[in-house]
Structures are given as C-alpha cells and as structure tokens.
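J.: Would you mind keeping the following structure in view while I ask a few things?
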Amino acid sequence: MGITPNSELRIPNLSVDIAGLKLKNPVMTASGTFGYGEEYSEFLDLNRLGAIVVKGLSITPRQGNPTPRIVETPAGMLNAIGLQNIGVNVFIRDKLPFLRQFDIPVIVNFFGDSIDEYIHAAEMLSNAEGVHALEMNISCPNKQAGWIVFGTDPKTMEQVVTAVRKATRLPLIVKLSPNVTDIGLMAKIAENAGADAVSLINTITGMVVDVKKQRPVLANNTGGLSGPAVRPIAVRMVWEVYKVVKIPIIGMGGIINANDALEFLIAGARAVAVGTANFINPNVTIEIIEGLEKFLIDEGFSDINEIIGSLKIS
Amino acid sequence: MGITPNSELRIPNLSVDIAGLKLKNPVMTASGTFGYGEEYSEFLDLNRLGAIVVKGLSITPRQGNPTPRIVETPAGMLNAIGLQNIGVNVFIRDKLPFLRQFDIPVIVNFFGDSIDEYIHAAEMLSNAEGVHALEMNISCPNKQAGWIVFGTDPKTMEQVVTAVRKATRLPLIVKLSPNVTDIGLMAKIAENAGADAVSLINTITGMVVDVKKQRPVLANNTGGLSGPAVRPIAVRMVWEVYKVVKIPIIGMGGIINANDALEFLIAGARAVAVGTANFINPNVTIEIIEGLEKFLIDEGFSDINEIIGSLKIS
Amino acid sequence: MSKYFKAKTVDNISLNKHFRLLNLSPLSDIDIPQPGQFYMLQTGDTCDPLLKRPFSIFRHEENSLSFLYRIRGKGTLSLSRLKSGDIINAIGPLGNSYPVPDGDFIALAGGIGIASLLPLMRKFKERAYLFYGARSKEELVMMDEAKAVSKESFITTDDGSEGKKGLITDSLMKFFNSLPITHHPLPLYACGPTPMLRELYRIIKSKIQNPKSQIIECYVSMEEYMACGVGVCLGCVVKVRSQEPVDSSQKWIYKRVCKEGPVFDIKDIIWE
Amino acid sequence: MSKYFKAKTVDNISLNKHFRLLNLSPLSDIDIPQPGQFYMLQTGDTCDPLLKRPFSIFRHEENSLSFLYRIRGKGTLSLSRLKSGDIINAIGPLGNSYPVPDGDFIALAGGIGIASLLPLMRKFKERAYLFYGARSKEELVMMDEAKAVSKESFITTDDGSEGKKGLITDSLMKFFNSLPITHHPLPLYACGPTPMLRELYRIIKSKIQNPKSQIIECYVSMEEYMACGVGVCLGCVVKVRSQEPVDSSQKWIYKRVCKEGPVFDIKDIIWE
Ligand SMILES: Cc1cc2nc3c(=O)[nH]c(=O)nc-3n(C[C@H](O)[C@H](O)[C@H](O)COP(=O)(O)OP(=O)(O)OC[C@H]3O[C@@H](n4cnc5c(N)ncnc54)[C@H](O)[C@@H]3O)c2cc1C
Ligand SMILES: Cc1cc2nc3c(=O)[nH]c(=O)nc-3n(C[C@H](O)[C@H](O)[C@H](O)COP(=O)(O)OP(=O)(O)OC[C@H]3O[C@@H](n4cnc5c(N)ncnc54)[C@H](O)[C@@H]3O)c2cc1C
Ligand SMILES: Cc1cc2nc3c(=O)[nH]c(=O)nc-3n(C[C@H](O)[C@H](O)[C@H](O)COP(=O)(O)O)c2cc1C
Ligand SMILES: Cc1cc2nc3c(=O)[nH]c(=O)nc-3n(C[C@H](O)[C@H](O)[C@H](O)COP(=O)(O)O)c2cc1C
Ligand code: FES
Ligand code: FES
C-alpha cells in the first residue's frame with residue numbers, strides 16, 4: 000500500500016488528472032457557492048485550490064427568482080436562486096481577468112433554456128482566454144421540449160451533450176442531476192455522447208411548507224437540497240456511476256471536511272467539489288486539502304490516486 | 000375557514016378516510032419502525048393512533064442482512080435491515096391476536112421477491128381476521144426480472160400492483176419508492192392498476208464509507224436513508240403526487256413533530272406516517288396528534304380535511 | 000488579519016426571556032466594524048443548525064465584540080446555549096455601514112433593530128432623535144443606554160406598558176408635522192421589522208411628493224435570509240431601482256443585502 | 000410510571016480527557032434498573048445527532064441515575080456538553096440483566112466495560128474477582144471503587160502505566176491455571192471491546208473442550224449500533240445459536256441486543 004521505509008518524510012502526491020486538466024489536488028469549489036472567486040479571495044489563497052468552478056452562466060444575464068430564495072432544513076438547505084447570473088459576456092469582460100491571475104484551472108459552469116443556447120454559450124466560452132474547461136449544468140428545463148428537465152430525460156440529455164460536444168474543444172464535464180431513477184445510466188449516456196468527465200450530484204428537489212401561511216417558504220415553491228443531509232445519497236450515486244463509466248468523476252454533495260471528501264474519493268470520485276460548506280467556513284477547501292494530505296501520510300499512502308475507487312465491497 | 004362563533008369550545012374533527020378505512024386521526028406509524036405494536040404498547044395507548052402499520056412481511060421468514068445494519072448520518076439514518084421478518088404465518092398466529100385487541104385499523108406491510116410471492120402473501124393476509132388493509136412495499140428487487148426493483152420500473156410496478164389487486168379485496172395501499180425520476184408517474188400507474196391509496200416516501204438509497212477501512216459502514220454496502228434529512232424531498236414528492244392522482248396519499252419521511260406532519264397534510268397527504276422519530280421519542284405519535292388538534296384550534300379550523308392539499312402555490 | 004476568525008465566549012447574558020447579549024473575545028486580530036455592519040456567527044457545532052446567522056455589531060471595544068439578539072428559531076436558540084469559554088467561528092465585519100450623519104439625525108428602531116442603530120447613536124452622542132418602538136416594555140431592551148446617548152427620545156409600545164401606546168411610525172409622523180417647514184431636514188436611519196420600514200417608506204414618499212417639504216435622506220437596514228453573508232450565494236437579494244436593469248422591461252436589479260447592503264437608501268428599494 | 004421520561008442534569012463530571020460521569024435526576028417515577036441494563040439517552044436537542052445513544056446504568060440511587068461514559072463520536076461529545084439543569088429525555092431501563100451469581104464470581108472489564116459491571120460488583124460486595132484492563136492508567140476509571148468492592152483485583156494496562164503490562168485476558172488465563180482443578184467453577188461476567196470478548200470465548204472454549212475442567216458459566220454484555228433500543232428496528236442483532244433456525248441450513252438466528260440482550264451466554268453467541 001505504498002509504505003516505503005521513509006514514507007513519513009515524503010509528502011504524498013495529491014495531484015490528479017481530470018479530463019486532461021492537471022489539478023494540484025482533487026479539491027474544487029462547487030458552482031454557485033463560490034461566485035467568480037473574488038469574494039473568497041479575501042479568505043484564502045485561490046492558488047492552493049485544485050480548480051475553481053464558477054457560478055452558472057447563460058448567454059444573457061438573468062434576474063433569477065424572487066425571494067425567499069433559501070431556507071435551512073435539517074443538516075441542509077434549499078436554494079432557488081433561479082440561476083441569477085451576469086451572462087457570458089460580462090463574465091468574460093469583468094471576471095475572467097481576475098481569475099487569469101491565478102495558476103489554477105478555471106472551470107466554467109453554464110446552462111441554457113434550449114440546445115441552441117447551450118451551443119452558443121459553449122462557443123462563446125471556448126474562445127475566451129483563461130477558461131480551462133466547461134461544466135454543463137443540465138438540471139434546468141428545456142423550453143422547447145415543454146420544460147422537461149434536460150438532465151432527467153435520457154434522450155434530451157443525449158441530444159444536448161452531443162450538441163455541446165461538437166461546439167467546444169475544451170474539456171467537457173457534464174453535471175448530473177440526482178433526480179433520476181438510474182444515475183449510472185445517465186452517466187453512461189453522457190460518456191457516450193462525448194463528455195470528458197461527469198460531476199455529481201447537483202441539488203435534489205425539495206420543498207418546505209410554511210404551515211401558518213399554507214404556502215411553500217420559497218417564492219419558487221421548490222428548491223434544490225444541498226449540504227450534509229444529502230451526502231449519503233451523493234456517495235451512493237458516485238459509487239453507482241463509478242461502476243459503469245470510464246471517464247473521471249467529480250463527486251460532491253454535503254462535503255464539509257476531509258473525511259467526507261475521502262468517502263467520495265474512495266467510492267470512485269477522482270476529484271471532489273465543496274459547495275454549501277464554503278458558506279459555513281470560507282476556509283474549508285484549504286482545510287480539506289490539508290486533511291487529505293494528513294490522511295495519506297497517516298495511513299501510509301504515497302499518492303492520492305491509490306485510494307480513488309478503492310472501496311472494498313461485501 | 001370554519002371560524003364559528005364558539006370555535007374555541009369545539010374540538011375540531013381529526014378523522015380522515017383512507018381507502019375506505021375510517022381513521023380517528025391522520026397519524027399512523029411507518030412500517031418497520033413500530034414492530035408489531037407490542038414493544039411500544041408499553042409507552043403509549045395504541046388506541047389513540049390513526050392506524051398502525053406493521054413491519055414488512057414475506058410469505059416465509061427472513062433472516063435479514065448481517066450487521067452493521069444501521070448508521071447515523073447528518074439528521075438522518077441509513078438502515079439495511081434486509082427485511083428481516085417472522086413471515087406471514089407466524090405473524091397471523093402470534094402477533095395478530097394482540098393487535099385485534101385494539102380499536103384501530105391494522106395495516107399490514109408486505110413484500111416478495113416475485114409477483115407470485117406478492118400474490119401469495121396478499122391472499123394469506125386477506126383471509127386473516129383483524130387485517131384491515133394491505134400496504135405493498137415495492138422497494139425490493141424482483142428476482143425473476145434480474146433484480147430490477149419493482150418500484151423503480153414502471154412496467155414491473157404495473158404488473159405487480161395489477162396482480163395483487165386481483166388477489167385481495169382489502170383496501171390496497173402501494174408504497175412508492177422515492178428513487179425515481181418521476182414519482183407522479185409512478186403514483187399514477189399505481190392508481191390505474193387499482194391501488195386505493197399510495198404511501199410515500201420509502202427510504203432513499205444511500206451509502207456511508209468508513210474511510211480507514213475503505214469499506215461501506217453497512218454490511219449490505221448501501222442502506223435506506225430516513226429521518227429529517229429527507230423531509231424536504233418527501234414533502235415535494237407528496238405535492239407532485241397530489242397534483243396527478245385522485246386516490247388518497249399517506250405522506251411520510253422525516254416527520255418528528257406536528258409542524259412537520261402539517262407540511263405533508265397541506266402539501267396533499269390525507270394521512271401521515273411517523274417512522275424514525277419513534278426511535279427518538281416513543282410518544283411522538285401522540286404528541287403529533289395533540290399538536291394537530293392544537294393547530295386547528297389556534298388557526299380556527301374545525302376539520303382537518305380543510306387543510307389537506309390546501310397549499311397555495313405561487 | 001482575516002475576516003474569518005475564532006472567538007471565545009466571554010458571557011451570554013440573559014436580558015429577559017427573549018433577549019440575550021453575547022460578548023465575544025476574538026482570538027486573533029480583527030478589522031474594526033462600523034455601525035450598520037454585521038457578522039455571520041456560528042450558533043452550534045453540529046450539522047443542525049447548519050448555516051451561520053447574521054447579527055449586527057452591537058458594540059466593539061478593544062478585543063471584544065458584542066451582539067444583542069432575540070431568540071427566534073433554532074439558530075438563535077442554539078446561540079443562547081453558548082457559555083463562557085465556548086469557542087465559535089465568526090465572519091465579519093460584513094456589508095456596508097450607515098453613512099456618517101452631518102449633524103443631528105433621527106434613529107428609528109423597531110424592536111431588536113436597536114442592536115444595529117445603537118453603535119451609530121453611541122458614536123455620535125446626543126445627536127440622535129431616537130424613535131424606539133416595541134411590543135411591550137420588556138421588549139424595549141437597552142432603553143436606558145439608548146436614551147442616555149440620544150438628544151431626545153420617543154418611545155412607544157403596542158400595549159402601552161412603556162412610553163406611548165401605538166406605532167412608532169405614528170410618533171415619527173407627529174414629530175415631522177411639529178417641525179417648522181424651514182427646519183433643516185434630518186437624515187433618518189431605520190432598522191426594524193419590514194412592516195415598519197414599509198410604513199416609513201409611505202411617510203417618506205408622501206413627504207417627497209409634497210413640494211413644500213424638503214427631501215429627507217433616509218437609510219434603512221434590510222433583512223433577508225442569508226446563507227453565505229459574503230456575496231456568493233445570491234440568497235439575500237432585494238429589488239433595487241436601477242438605470243441599468245438586467246431586463247429592459249423592468250427598472251430594477253437585485254442587490255445583495257450582505258454585500259451592497261444591509262444599508263440602503265429607502266428610495267432605492269422597491270417596496271412591494 | 001413510564002420507561003420514557005425526562006431527567007434533569009445534576010452534574011456532568013469530567014474524570015479526565017475522555018471520561019465523564021453524568022448524574023441525572025428523573026422528573027417522574029421510574030423503574031428500578033438491574034445491573035447490566037441500559038438506557039437510551041438523548042445527547043443533543045437538534046436533528047444532529049439524531050438518535051439516542053445506549054449507556055449502561057452505572058449507579059442508581061433514590062431519584063438519581065448515573066452513567067459513566069467515554070467520549071467517542073458526536074453523540075458522546077454532545078452528551079459531554081450537558082450542564083447542570085439541562086433536561087434530556089431518556090428511555091429505560093432496557094434489556095435483560097446479569098443473572099444473579101450464586102457465590103463468588105469473576106468480573107472481566109475492558110475499559111469502559113467497567114460501567115456495566117460495577118453495579119453488579121457493588122450489589123454483591125466483595126464477591127468479585129475483578130479483572131480490569133485498559134490502555135493506560137488514565138483510562139482505568141473508577142478503579143478505586145472497583146477495587147474496594149472486589150474480593151481481589153487484577154489490573155493490566157497496555158502500556159504498563161498501572162498494574163501489569165499486557166492483556167487482561169492473559170491475566171485471567173493465568174488465574175484459571177493457578178486454580179486447583181477441584182475449585183468450584185466461578186461464573187464469569189464480561190463487558191468490553193469485541194476483541195477482548197472474542198479472546199475470552201477462545202479461553203472458555205478451550206476449557207470446555209478440556210474434559211478435566213469444569214464448565215464455566217460465562218455471560219457477556221454485547222454492543223451493537225442501536226436506533227430504537229426497544230426491539231422494533233432490528234438494527235442491533237447478533238447471531239445466536241438456535242435449535243429453531245429461520246433457515247434450516249443455518250443453526251442460528253438473529254437476536255436483538257436491546258431486547259434479548261445485552262447480556263448473553265458467551266457460548267450462545269456465534270463469534271466470527
Ligand atoms: C444584516 C442582518 C443583521 C441582523 N442583526 C440582528 C441582530 O443584531 N440581532 C438579532 O436578534 N437579529 C438580527 N438579525 C436577524 C437574525 O439573523 C435572525 O433572527 C436569525 O437569523 C434567526 O435565526 P433562527 O435560526 O433563530 O430563526 P429561524 O428558525 O431561521 O427563523 C425563525 C423566524 O425568524 C424569521 N427569520 C429568520 N431569519 C430571518 C432574517 N434574516 N430576516 C428576517 N426574518 C428572519 C423566520 O422567517 C422565522 O419566522 C439580523 C439579520 C440580518 C440579515
Ligand atoms: C447496551 C450498551 C451499553 C453501553 N454502555 C455504555 C456505557 O456505559 N458507557 C459508554 O461510554 N459507552 C457505552 N456504550 C457504547 C456507547 O453507546 C457508544 O460509545 C456511543 O453510542 C457512541 O456514540 P457517538 O455518537 O459518540 O459515537 P459514533 O460517532 O456513533 O461512533 C464513534 C465510534 O464508536 C463506535 N461505536 C458507536 N456506537 C457503538 C456501539 N453501540 N457499539 C460499539 N461501537 C460503537 C463507532 O463504530 C465509531 O468508531 C454502550 C453500548 C451499548 C450497546
Ligand atoms: C446557493 C447555491 C447555488 C448553486 N448554483 C449552481 C449553479 O449555478 N450551477 C450548478 O451547476 N450547480 C449549482 N449549485 C449546486 C452545487 O454546485 C452543488 O452541486 C450542490 O450544492 C451539492 O453540493 P454541496 O452539498 O456541497 O452544496 C448551487 C448550490 C447552491 C447551494
Ligand atoms: C429501521 C427501518 C425499517 C424499515 N422497514 C420497512 C419495511 O419493512 N417496509 C417498508 O415499507 N418500509 C420500511 N421502512 C421505511 C419507513 O416505513 C419509512 O417509509 C421511512 O423510514 C421514511 O419515514 P421516516 O423518515 O419517518 O422514518 C423502514 C424504515 C426504517 C428506518
Ligand atoms: S447571503 Fe449569500 S449573497 Fe448574501
Ligand atoms: S436497537 Fe432497535 S431493535 Fe435493538
């Protein structure tokens with residue numbers, strides 16, 4: 000298991016390859032929980048991250064949903080931000096220059112209401128200097144197909160991934176929706192349609208009711224559940240996907256410490272993303288990176304890749 | 000809103016009808032969390048419950064899974080009991096006589112590995128005195144169909160519900176699995192196949208990894224997530240089902256107090272079941288019944304049926 | 000110096016059934032907070048409650064931060080359990096602050112809103128006309144200090160158990176009407192429940208629409224559910240009038256209470 | 000009289016970094032617990048930790064229940080935060096208890112296992128040969144009381160910081176070997192980590208297989224993860240030899256530690 004005579008003296012290797020990107024370590028930020036990097040650069044050295052994934056972008060800016068947009072739930076939270084964003088152009092003009100200062104991959108999360116919007120956004124982003132990979136958020140409804148969610152219908156997903164694959168030469172990550180019967184099947188479709196990696200899980204749809212008002216608490220009625228509450232579901236889904244695809248997996252959902260990150264890596268994720276936990280502890284990503292290193296040293300591993308997918312099942 | 004001049008003096012009506020059964024109040028126990036009623040009869044007066052739902056039965060006894068069978072998760076727990084049970088015959092001989100002493104509906108949860116086993120169990124239970132309704136647990140894999148889970152495949156579910164519907168004249172409740180893309184569709188199929196009611200949600204599949212051992216904590220690898228962590232998901236699913244079916248809904252998933260129960264009722268459930276919370280507070284069902292009554296009085300309702308499905312959406 | 004720091008609980012004093020005063024001693028150097036700014040405080044140490052909660056800075060002294068809070072739900076309940084010596088994480092100071100008043104000013108506090116306004120009144124001693132309303136005498140916390148640092152004070156309670164019985168905005172209205180038209184307009188700072196702020200807006204709007212009255216500068220501290228407190232989650236937005244709307248059919252954009260706020264010009268907010 | 004009751008925290012004494020003694024005062028009449036029985040205790044007051052945790056009764060006096068515990072994970076950490084006056088819910092007494100010993104007996108405690116055995120030793124004063132092992136001196140909690148109520152005591156620590164250095168089962172083995180074959184066999188009661196119990200089983204089995212030795216009665220208190228503590232969830236089962244197996248190919252059935260246990264005859268358990 001990689002125990003060498005002087006293993007205590009060696010700093011273990013933390014770097015991993017995802018879809019052709021070389022990451023210093025497997026810890027990324029989850030889209031929508033880290034803005035465009037500026038706000039948290041006050042709190043931590045972005046250069047230490049494995050990669051940064053920015054808030055989801057669409058070709059034109061969006062206002063998002065009315066408030067309340069968030070509500071806390073037991074060990075989790077629902078959000079219905081409604082994909083508020085500044086749009087691809089403003090991002091390229093105002094935010095990318097800041098991100099280009101750093102020596103880490105910048106992964107841009109994006110989405111659209113239609114396949115054309117996806118293609119258009121992917122093309123615009125592919126031509127921008129400093130975008131290292133694209134992450135497609137397919138947990139949004141398809142206007143043309145009568146608001147069927149792209150990521151829950153196998154056919155629709157196949158179409159949109161195939162189309163975007165043709166529109167970009169950048170590494171393409173498909174972010175899977177957990178609101179499906181068979182996430183392994185969805186991952187397999189993404190792989191066959193040309194994805195270089197899959198990331199999971201996006202949020203799980205939920206609702207909280209204000210019983211006195213007899214209304215949902217969120218103005219949007221439903222929202223997406225994230226945080227530790229969903230972690231056991233997310234870990235199980237990563238494991239299911241690991242069994243059926245060859246492309247790398249970026250695991251996320253409720254990670255708040257190094258132990259949680261290790262659960263995902265061992266279950267088959269080659270990298271992890273941290274979302275809601277940033278809100279609780281702006282320094283959490285750095286603490287997780289340090290925790291992973293400590294774990295490898297303590298357990299006598301010399302390379303993080305030794306534990307990826309190492310789950311022994313009964 | 001039912002405010003009558005002397006509403007403070009009136010005790011509001013709590014009774015509801017489910018699939019032809021008249022319940023004193025909408026609070027039932029969830030299968031697998033209340034045994035066969037005996038253990039908790041030390042702690043509360045079973046006669047006060049809306050109904051009792053017993054641990055899932057199969058035609059022959061089952062040993063269940065090796066241990067560990069349970070593990071706590073943030074605001075929830077995973078269980079992989081593996082449907083350990085005493086079998087239909089021993090239940091009828093040893094447990095039913097005890098339950099017959101009480102003046103409340105006894106709902107028997109059951110399952111099988113094949114359609115034949117379902118039919119057989121339903122027939123045996125239908126002939127037993129003191130069984131008032133059947134609840135089919137379809138979250139188990141179908142041996143004949145290569146271990147596809149009955150409750151996640153629309154075709155398989157339709158077949159098994161149709162078959163059981165023919166095998167019993169008792170009210171038939173189909174307990175839906177939440178591990179599906181479209182729970183509304185599954186409910187609709189159950190309704191069309193002859194179910195008198197649907198209950199939801201069963202547990203959501205999850206996994207916890209012991210990172211030092213690089214193994215799942217549960218001997219069965221995965222388990223079912225229950226408890227407050229899943230509540231927002233469960234409430235959303237009840238609401239989705241309420242929009243598409245006419246038969247009554249029994250809502251459950253993470254209910255620990257009257258407020259939680261009200262969320263489900265307002266979202267469309269005509270009754271609720273309390274599971275994991277019994278473990279924390281053996282008296283929780285009674286406290287919820289009292290809390291519902293208090294809510295109705297405080298808010299000026301005279302009948303619980305006034306709030307069922309009363310959710311105002313934006 | 001980081002805005003994310005650990006702090007030790009000095010004490011957590013119960014003022015009455017609902018209100019507490021939490022005194023923290025930061026364990027590292029911190030930035031100096033300005034009146035109107037706030038902190039995100041950890042309230043427990045498990046995953047429930049999960050998120051930090053926002054609280055206005057109530058008092059800052061060398062190596063000490065105080066927060067005045069009302070127990071509302073599980074976060075504040077959990078906060079009320081902190082005992083001397085317990086260590087929590089905090090983020091702050093966050094958000095903008097009240098613009099510095101030129102001379103005298105009006106401070107309009109509804110209930111716990113006093114927590115956010117007292118630092119301003121304390122800093123500009125005896126320059127505030129204080130309007131402080133609450134449900135009852137018991138809920139008029141910190142009234143003695145508030146009065147002591149004010150030039151003049153007007154108190155109301157819903158039940159008349161202290162001060163005048165009635166709404167604090169009615170007292171404010173009367174005060175306005177009693178001022179000579181030629182009176183130099185006083186800037187107004189307000190913090191309190193949304194219905195109070197909405198009523199305030201109605202008052203201000205009627206003054207603006209009255210050509211004889213001078214325009215009042217009016218700043219309000221807004222509240223919204225917050226997850227991050229630092230501007231990344233977009234959970235805490237309010238509608239603000241804008242010349243550069245995102246959607247050309249609408250003359251507003253969303254601004255973040257935690258970043259562009261919590262203090263806004265009352266006239267910029269779209270009150271619905 | 001209900002097995003589900005509220006209790007007030009009298010105190011929650013820190014014995015050292017890892018161990019605490021919790022004294023509770025039930026707020027209603029309760030059943031009298033027997034040595035070996037346990038309670039499910041609420042450890043926090045939010046949804047995390049969610050489930051109650053099982054703890055052996057350590058001492059029962061009029062209107063007082065005491066629990067000796069070791070801080071392990073989030074439940075026990077949360078329990079260690081309880082302070083005087085805090086009220087928690089509890090369920091108990093639960094499970095079976097140690098069979099009453101006829102005369103002298105052996106008590107084999109590994110670490111915190113002493114919590115479950117001391118009530119038995121206290122009840123049958125100076126009748127126990129105590130074998131008590133722990134990692135280090137610091138972890139030999141309640142040793143003075145345990146020695147005081149014993150007839151004779153044998154202590155080991157892994158690091159030799161107190162008593163003999165080594166495993167407590169080795170001391171037990173020596174003791175057995177030193178007894179004359181004609182000695183009346185002493186019943187043995189054991190509670191501790193699974194590896195210790197497994198080793199004990201090996202020892203007992205070898206004695207059983209030795210035709211010259213007399214058969215020893217041996218009772219062990221088992222531990223398993225518990226959700227309900229009252230027999231409904233079927234989470235806490237152990238494999239027990241049976242004449243009426245569920246499946247005819249196997250000579251065992253699952254029994255519930257919380258209901259048919261926690262005390263089992265060591266020979267009935269299937270040690271894998
Ligand atoms: C910038 C800012 C400064 C604040 N300063 C203070 C302060 O100095 N002292 C103080 O006591 N409180 C202050 N608050 C309000 C405080 O943050 C909330 O009372 C607290 O978050 C409630 O948490 P909880 O878990 O106890 O309640 P929850 O269980 O979350 O909610 C309980 C009730 O409070 C309401 N509520 C919760 N959060 C908010 C919110 N952000 N705005 C409006 N209503 C809410 C809910 O709708 C619910 O009715 C401030 C809020 C903001 C945004
Ligand atoms: C009948 C019975 C009586 C007990 N009496 C006592 C007692 O008097 N004093 C005392 O300190 N402890 C006692 N225990 C053990 C105690 O219940 C556990 O230490 C506690 O539940 C751990 O909870 P946690 O949340 O702190 O740890 P967790 O976070 O749940 O777990 C921390 C570690 O402890 C292990 N663990 C957790 N629960 C158990 C368990 N039930 N059995 C074995 N290992 C476990 C886990 O595998 C993990 O490694 C008893 C257990 C049982 C079943
Ligand atoms: C406030 C918020 C906003 C989010 N916005 C996006 C988004 O724009 N695009 C996206 O793909 N995922 C978005 N997500 C989902 C997260 O990236 C992540 O998949 C999810 O929150 C699970 O991880 P966590 O439990 O660590 O938060 C958002 C999540 C939150 C909480
Ligand atoms: C220990 C345990 C055992 C269960 N056994 C069954 C079962 O036998 N049949 C069944 O349909 N559901 C079973 N369930 C699921 C519950 O009935 C319920 O659907 C689920 O736990 C969600 O409710 P809760 O969050 O209130 O526990 C079991 C749940 C638990 C926790
Ligand atoms: S609270 Fe997250 S953006 Fe304001
Ligand atoms: S803990 Fe539930 S059956 Fe034993």
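Protein sequence lines correspond, in order, to chains A, B, C and D.
Numbered by numbering that gives the first Met the number 0, the letters in the first sequence go through residues 0 to 313 in order.
Numbered by numbering that gives the first Met the number 0, the letters in the second sequence go through residues 0 to 313 in order.
Numbered by numbering that gives the first Met the number 0, the letters in the third sequence go through residues 0 to 271 in order.
Numbered by numbering that gives the first Met the number 0, the letters in the fourth sequence go through residues 0 to 271 in order.
Built from N, CA and C at the ideal position, the CB exists for glycine as well.
Since we're looking at a predicted model, the values are computed, not measured.
Given a limit of 9 angstroms on CB to CB distance, which residues of the region 71-104 of chain B reach chain C?
T.: Answer in chain order: Pro73 and Ala74.
J.: Keeping to the same chain, check which residues put their C-beta closer than 7 angstroms to that of D/Ser115; ignore five residues upstream and five downstream.
T.: Only Gly35, Ser55, Cys190 and Ser220 meet the Cβ criterion.
J.: Quick check on B/Gly226 - is its C-beta less than 7 angstroms from some C-beta in chain D?
T.: Interface residue, yes.
J.: Of all the CB atoms in chain D, is at least one closer than 7 angstroms to the CB of B/Phe33?
T.: yes
J.: Put A/Gly250 into one of helix, strand or coil per three-state DSSP.
T.: strand
J.: Can you check whether the C-beta of B/Ile279 is within less than 7 angstroms of a C-beta belonging to chain A?
T.: no
J.: Just to confirm my understanding: we take C/Pro192, look at its own chain, exclude 5 residues before and 5 after, and list those with CB closer than 8 angstroms. What are they?
T.: Gly109, Gly110 and Gly112
J.: If you measure from the beta carbon of C/Asp44 to each beta carbon in chain B, is any gap under 7 angstroms?
T.: no
J.: For C/Cys217, which residues from the same chain have a beta carbon less than 6 angstroms from its beta carbon, with the 5 sequence-adjacent residues on both sides left out?
T.: Leu187, Ile203 and Ile265
J.: What's the C-alpha gap between D/Lys136 and D/Gly159?
T.: 8 angstroms
J.: Quick one: using the 10 Å Cβ neighbour count with 16 as the cut-off for buried, is B/Glu71 buried or exposed?
T.: buried
J.: What residue range does the beta strand (DSSP E) around D/Lys7 cover?
T.: Tyr3 to Ser13
J.: Could you pull the start and end residues of the beta strand (DSSP E) that C/Phe263 belongs to?
T.: For C/Phe263, the enclosing beta strand (DSSP E) begins and ends at Val262 to Asp264.
J.: Got a sec? Which residues, its chain only, sit under 7 angstroms from A/Gly226 by beta carbon, not counting five neighbours each side?
T.: Ala74, Gly75, Met76, Gly253 and Thr275
J.: Give the interface partners of B/Glu38 over in chain D, defined as CB-CB distance under 9 angstroms, in chain order.
T.: Correct list: Cys227, Val229, Gly230, Val231 and Lys258.
J.: I need the boundaries of the beta strand (DSSP E) containing B/Met27, first residue and last residue.
T.: Val26 to Thr28
J.: May I have the straight-line CA-CA distance separating D/Gln33 from D/Asn95, to the nearest angstrom?
T.: 8 angstroms
J.: Let me check one thing: in DSSP terms, what residues is D/Lys238 bridge-paired to?
T.: D/Tyr253
J.: Does the region 229-246 of chain A come into contact with the region 92-107 of chain A, if we say contact requires no fewer than three beta-carbon pairs (one atom in each stretch) closer than 8 angstroms?
T.: no
J.: Below 8 angstroms on C-beta distance, what does A/Gly63 contact in chain C?
T.: Leu233, Val236 and Tyr253
J.: Which residue's Cα is closest to the Cα of D/Leu119: D/Arg134, D/Ser149 and D/Asn176?
T.: D/Ser149
J.: State the DSSP-derived secondary structure class of B/Ile2, mapped to helix, strand or coil.
T.: Note on B/Ile2: pLDDT 47, under 50, position unreliable in the model; no value is reported.
J.: Buried or exposed, going by whether 16 or more other CB atoms sit within 10 Å of the CB of B/Arg9?
T.: It counts as exposed.
J.: Using a C-beta to C-beta distance shorter than 7 angstroms, which residues of chain C count as neighbours of D/Asp10?
T.: Those within 7 angstroms of D/Asp10 in chain C number zero; the least Cβ separation is about 14 angstroms.
J.: Exposed or buried, which one is B/Asp259 when buried takes at least 16 other CB atoms within 10 Å?
T.: B/Asp259 should be labelled buried.
J.: Is it buried or exposed for B/Leu22, if we count other Cβ within 10 angstroms and need 16 for buried?
T.: buried
J.: With a threshold of 7 angstroms between beta carbons, is B/Thr316 in contact with chain A?
T.: Chain B is shown from 0 up to 313; residue 316 of chain B falls before or after that span and cannot be answered.
J.: Would you mind stating whether B/His131 and B/Leu13 have Cβ atoms separated by less than 7 angstroms?
T.: no
J.: Rounded to the nearest angstrom, what separates B/Ile2 and B/Ser125 at their Cα positions?
T.: Note that B/Ile2 has pLDDT 47, beneath the 50 cutoff, so the model's placement of it is unreliable and no number is given.
J.: Assuming A/Phe109 contacts A/Gly55 under a Cβ cut-off of 8 angstroms, what Cβ separation, rounded to an integer in Å, is found between them?
T.: Their Cβ separation, rounded to whole angstroms, is 6 angstroms, which keeps A/Phe109 and A/Gly55 in contact under 8 angstroms.
J.: Tell me which residues share the same chain as D/Leu50 and place their Cβ nearer than 6 angstroms to its Cβ, disregarding the 5 neighbours each side in the sequence.
T.: Ala226
J.: Look at C/Lys254 and C/Gly230 and say whether their C-beta atoms are less than 7 angstroms apart.
T.: No, Cβ-Cβ distance for C/Lys254 and C/Gly230 is not below 7 angstroms.
J.: Please list the terminal residues of the continuous alpha helix (DSSP H) segment that includes A/Gly183.
T.: Ile182 to Asn191
J.: Taking the Cβ atom as the reference point for each residue, do C/Gly74 and C/Thr45 lie within a distance shorter than 7 angstroms?
T.: no
J.: Using three-state DSSP, classify D/Leu93 as helix, strand or coil.
T.: strand
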